[in-house]
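Undergrad:
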Amino acid sequence: SPSELLPAEDCLGRICSISTVGCPPAIPPVMPGEVITREVLECFKYYGVGTCRVVR
């Protein structure tokens with residue numbers, strides 16, 4: 010599917026298109042096809058993930 014790279018804070022409610030991980034622990038808080046929730050955004054912030062690729 011076509012995707013776009015957005016700032017993480019703009020991804021709430023969008024569908025993840027690729028795994029996004031912070032290292033460590035390199036465990037993705039959301040998998041492709043899943044909806045990005047507030048909890049996922051909190052994980053992104055904690056691990057310093059600033060962007061996420063989502064389905065257009």
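In the numbering used here, each residue's number is its place in the sequence shown (first place is 1) plus 9. Where is the CB? At the ideal position from N, CA and C, for every residue including glycine.
How far does the alpha helix (DSSP H) with C52 in it reach, from first residue to last?
TA: Its alpha helix (DSSP H) spans residues 47-55.
Undergrad: Could you tell me the distance, in whole angstroms, from the CA atom of Y56 to the CA atom of P37?
TA: Approximately 11 Å between the Cα atoms of the pair.
Undergrad: When you compare each of P34, T29, G22 to V44 by their alpha carbons, which one comes out closest?
TA: Residue G22 is the option with its Cα nearest to V44.
Undergrad: Can you tell me which of R65, D19, G42 puts its alpha carbon nearest to the alpha carbon of V58?
TA: Here the closest residue by C-alpha is D19.
Undergrad: Should C61 go down as buried or exposed, given a rule of 16 or more other Cβ atoms within 10 Å for buried?
TA: Answer is buried; the Cβ neighbour count reaches 16.
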